[in-house]
Amino acid sequence: MQSAHPIKLAVFGQPISHSLSPRIHEMFGNQLGIPVDYQAIESSPEQLPERLIEFRDSGGMGANLTLPLKETGLELCEYVDIGARYAGAVNTLKAIKSGWHGYNTDGAGMMLDLDRLGLQVNGRNVLLIGAGGAAAGLLEPLLAAGPNLLCILNRTPERASTLVDRFAHRGNLSAGGLEEGPDLTGFDLLIQSTSAGHNQDGLTLRRDWLNDNARAYDLNYGRAHTGFNQWCQNNELPVHDGLGMLVGQAALAFEIWTGKRPEIQPVLTSIRGVV
0 MQSAHPIKLA VFGQPISHSL SPRIHEMFGN QLGIPVDYQA IESSPEQLPE RLIEFRDSGG
60 MGANLTLPLK ETGLELCEYV DIGARYAGAV NTLKAIKSGW HGYNTDGAGM MLDLDRLGLQ
120 VNGRNVLLIG AGGAAAGLLE PLLAAGPNLL CILNRTPERA STLVDRFAHR GNLSAGGLEE
180 GPDLTGFDLL IQSTSAGHNQ DGLTLRRDWL NDNARAYDLN YGRAHTGFNQ WCQNNELPVH
240 DGLGMLVGQA ALAFEIWTGK RPEIQPVLTS IRGVV
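Residue numbers (numbering that gives the first Met the number 0): 0 to 274.
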């Protein structure tokens, strides 16, 4: 039996009208019998502190943050989990009496999706494209899964090297530039974490970086996945988009707020037809 009063949740970002989060969390609530009032709220980084105060004072008990607010949100939390500390960003906030606790469920959400798809990381050689905030949020859970090697390639090699230095104590990492490519070949899994698809800006990638049985995973979905998907199809490389990661990280956020984790597959199936 559902309770009478919905829990008040929101996602903050700029822009935010396109967000699938309200739809996803409404379906989670229906699945678990938890009424949800989930709003999409436009906010710049400068506006975020005041907007969050207003939201919490009005009964808001949990929030998601998306671009460009994840780094700003980190500074507003009294406590952050290990994922947020490693990533330097938060995507999930839980209200407490005096403020917010912060979490980053992006990396763990991707790992849930990799497991769902049967994409193994343990003992494998993983090639990660991109060294921005999205990549930083993936590294801790990726390395915790025990890859044999994780190589980060970025258009600006120095940014990849900086990430490797930050996480060197966690495993076997290397860095390089996209133009010259990695020192090694034969990678098993390619993860594309850049926003190149959003910018309609192609990446310089080479199929011979990967072994014959390799697979690819793109954090993007929808139109932003089109260019990378086409490259993979042209190179006979099986590829998966990041829609499952979106639902996975949302399910983990919902669990933080309610103590209950919803099933991912029914929601993923439902929203696949609308992106």
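Glycine included, each C-beta is placed from N, C-alpha and C at the ideal position.
Would you tell me roughly how many angstroms separate the C-alpha atoms of residue i and residue j, rounded to the nearest one?
{"i": "R205", "j": "R154", "result": "14 Å"}
{"i": "R165", "j": "T268", "result": "37 Å"}
{"i": "F227", "j": "R260", "result": "31 Å"}
{"i": "L8", "j": "H168", "result": "37 Å"}
{"i": "A94", "j": "T184", "result": "46 Å"}
{"i": "M26", "j": "V266", "result": "7 Å"}
{"i": "L209", "j": "G180", "result": "11 Å"}
{"i": "L251", "j": "M60", "result": "15 Å"}
{"i": "E45", "j": "T257", "result": "29 Å"}
{"i": "V274", "j": "M244", "result": "14 Å"}
{"i": "H17", "j": "T91", "result": "18 Å"}
{"i": "K69", "j": "N233", "result": "35 Å"}
{"i": "P146", "j": "I128", "result": "16 Å"}
{"i": "F11", "j": "P48", "result": "11 Å"}
{"i": "I255", "j": "R50", "result": "21 Å"}
{"i": "D80", "j": "P237", "result": "34 Å"}
{"i": "E157", "j": "Q13", "result": "28 Å"}
{"i": "H239", "j": "A215", "result": "6 Å"}
{"i": "H224", "j": "L19", "result": "16 Å"}
{"i": "Q199", "j": "L177", "result": "Any reading at Q199 must be qualified, since the residue scores a pLDDT of 45, below 50, and its modelled position is unreliable; the value itself is stated next. Approximately 17 Å between the Cα atoms of the pair."}
{"i": "P5", "j": "N103", "result": "24 Å"}
{"i": "D36", "j": "F253", "result": "13 Å"}
{"i": "L66", "j": "A249", "result": "15 Å"}
Determine the burial state of residue i: buried for a count of at least 16 other Cβ atoms within 10 Å of its Cβ, exposed for fewer.
{"i": "S192", "result": "buried"}
{"i": "G32", "result": "exposed"}
{"i": "Y78", "result": "exposed"}
{"i": "S43", "result": "exposed"}
{"i": "D207", "result": "exposed"}
{"i": "G247", "result": "buried"}
{"i": "G241", "result": "buried"}
{"i": "D217", "result": "buried"}
{"i": "L73", "result": "buried"}
{"i": "L116", "result": "exposed"}
List the DSSP bridge partners of residue i.
{"i": "V10", "result": "A39 and N63"}
{"i": "A143", "result": "According to DSSP, which records beta bridges pairwise, A143 is partnered with nothing at all."}
{"i": "S173", "result": "C150"}
{"i": "V120", "result": "For V120, which the question treats as bridged, DSSP gives no partner whatsoever."}
{"i": "F186", "result": "L209"}
{"i": "T91", "result": "N63 and Y102"}
{"i": "H24", "result": "The partner list for H24 (beta bridge, DSSP) is empty, contrary to what the question assumes."}
Among the candidates the options, whose CA atom is the shortest distance from the CA of residue i?
{"i": "D211", "options": "S194, L189 and I6", "result": "L189"}
{"i": "A213", "options": "G28, F11, Y102 and V120", "result": "V120"}
{"i": "V64", "options": "L149, I15 and V238", "result": "At residue 64 the sequence reads Leu, which differs from the Val that was named. The shortest Cα separation from L64 among L149, I15 and V238 belongs to I15."}
{"i": "T71", "options": "G132, G258, H239 and E254", "result": "G132"}
{"i": "D112", "options": "I128, P140 and P48", "result": "P140"}
{"i": "A39", "options": "P237, F54 and S173", "result": "F54"}
{"i": "V163", "options": "Q13, A86, G98 and S97", "result": "A86"}
{"i": "I263", "options": "P5, R84 and M110", "result": "M110"}
{"i": "L138", "options": "R84, H100, G101 and K96", "result": "R84"}
What do you reckon, are the CB atoms on residue i and residue j nearer than 9 Å?
{"i": "G82", "j": "A107", "result": "yes"}
{"i": "D105", "j": "G136", "result": "yes"}
{"i": "D187", "j": "R123", "result": "yes"}
{"i": "T161", "j": "A195", "result": "no"}
{"i": "C150", "j": "L118", "result": "no"}
{"i": "G175", "j": "L142", "result": "no"}
{"i": "L148", "j": "L172", "result": "yes"}
{"i": "G58", "j": "C76", "result": "no"}
{"i": "I23", "j": "I270", "result": "yes"}
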